[in-house]
Structures are given as structure tokens and as C-alpha cells.
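Trainee: Quick one: this structure, given as C-alpha cells, is what I'll be asking you about.
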Amino acid sequence: MNADVTALSTDVGGLAPVRPWHGVAAAIGTFLVLGTVTAVWPNPVFVRMTPTQGFEVWLLAIQSVLVGVYVAIRRPRCPVRGAGFGSLLGFLGIACPTCNKILLFAFGSDLLLTYFEPYRLPLAAAGAAVMAVAVSWEWRQRTRTVTCPVGSSFGQPDGIGTGRQ
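In the working numbering, the protein residues as written are 29 to 193.
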């Protein structure tokens with residue numbers, strides 16, 4: 029059993045290492061932390077001011093699984109821009125619009141409930157789609173390079189797209 033776990037987390041055939049336990053921990057942590065912070069379920073720490081519509085838990089689960097897969101297959105030293113942007117969109121789509129103090133301060137509750145609330149489902153779905161694209165990109169790129177060069181942009185060789193020669 030111990031040899032199987034070691035084999036799963038080592039470099040196999042020139043591919044970047046897969047870290048399944050890191051991915052499982054990231055998926056569970058993402059689900060629990062974001063679900064608690066967004067008050068998708070009742071908890072003593074955070075109170076949701078608008079009721080959930082039913083899609084939040086499912087999209088949170090999808091987002092968490094995608095984050096876990098991304099963490100498991102991520103190549104060292106590579107940027108996480110796509111995954112970070114997808115996670116941010118997913119969080120904004122799942123979160124209570126009037127509970128987000130930054131959005132509330134910037135736009136006001138009337139504006140958020142009128143213009144942001146109806147688009148939370150597409151926003152959360154877009155976040156999951158961006159995250160799925162980031163996972164797909166990372167999966168394809170890991171067959172080409174095991175790690176990203178220092179200072180690289182989206183896995184390009186050092187000097188391309190960075191302004192350095």
C-alpha cells in the first residue's frame with residue numbers, strides 16, 4: 029500500500045508528479061471553507077442574508093472537485109492565473125451578494141439585488157467552466173514540461189512573453 033502511494037506521487041514517465049492526497053485535501057478544504065464563508069449551510073460564524081437557491085451547493089461541489097484536480101496535477105512554479113480567476117468567479121457566484129462587504133460598499137444593496145443577484149448562477153457556472161479549462165490546460169501542458177521555467181508566463185519557455193531575451 030505504501031509503495032502504491034509513493035508511486036502515485038512521484039515523477040512517472042517524464043510527466044509532472046501527481047499528488048492525489050494534496051488534491052483530496054484541497055477539494056475538501058475548499059468545500060468546507062467556501063461553504064462556511066458563503067453560509068451555504070447554517071453555521072454560527074456567518075449568516076446569509078439572502079436565501080440559497082439550491083444551485084450553490086452543487087456548484088460549490090463542482091468547483092471544489094476541480095480545485096482538487098488542479099492541485100493534484102499542478103506543475104511546480106507554474107502560474108495559477110486561470111485557476112485563480114475561475115475560483116474567484118465561482119466564489120462570487122456562490123456567495124450571498126449582500127453579505128460581500130466589498131461589493132456592498134462599492135455598489136450598494138439595491139444595485140446588487142437588482143443587477144447582480146439574477147446573474148449569480150451564470151457567474152458561478154462560468155467560474156466552473158474557467159476552472160475546467162485551467163485543469164484541461166494544465167493536464168495537456170504537464171506532458172510537455174515537468175516544471176515551468178522561472179519567470180515564465182503560462183508555461184512558455186523563459187524569455188518568451190516576459191519581455192526578456
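C-beta atoms are modelled at their ideal positions from N, C-alpha and C, and glycine is treated no differently.
Which ranges would you report for the alpha helix (DSSP H) in the region 55-119 if only whole runs of at least 4 residues count?
Mentor: 83-101
Trainee: Take the Cβ of Val174 as the centre, count every other Cβ of all protein chains shown within 10 Å, and call the residue buried at 16 or more, exposed below.
Mentor: exposed
Trainee: For Gly82, decide whether its Cβ has a neighbour in chain C, counting only Cβ atoms nearer than 8 Å.
Mentor: In the structure shown, chain C does not exist; there is a single protein chain.
Trainee: By Cβ distance, which residues of its chain are closer than 6 Å to Val85, with the 5 residues on each side in sequence left out?
Mentor: Once the five neighbours on either side are set aside, the close Cβ partners of Val85 are Val68.
Trainee: Starting from the C-beta of Ala152, find all residues in its chain whose C-beta is less than 6 Å away, skip the five residues before and the five after it, and write them out in chain order.
Mentor: Leu87, Gly118, Gly121 and Ile122
Trainee: Hey, could you find the ends of the alpha helix (DSSP H) Leu151 is sitting in?
Mentor: For Leu151, the uninterrupted alpha helix (DSSP H) segment begins and ends at Arg148 to Gln169.
Trainee: List the whole-angstrom C-beta distance separating Tyr98 from Ala156, where the pair is believed to meet the contact cut-off of C-beta under 8 Å.
Mentor: Actually they do not touch by this definition, with Cβ atoms about 12 Å apart.
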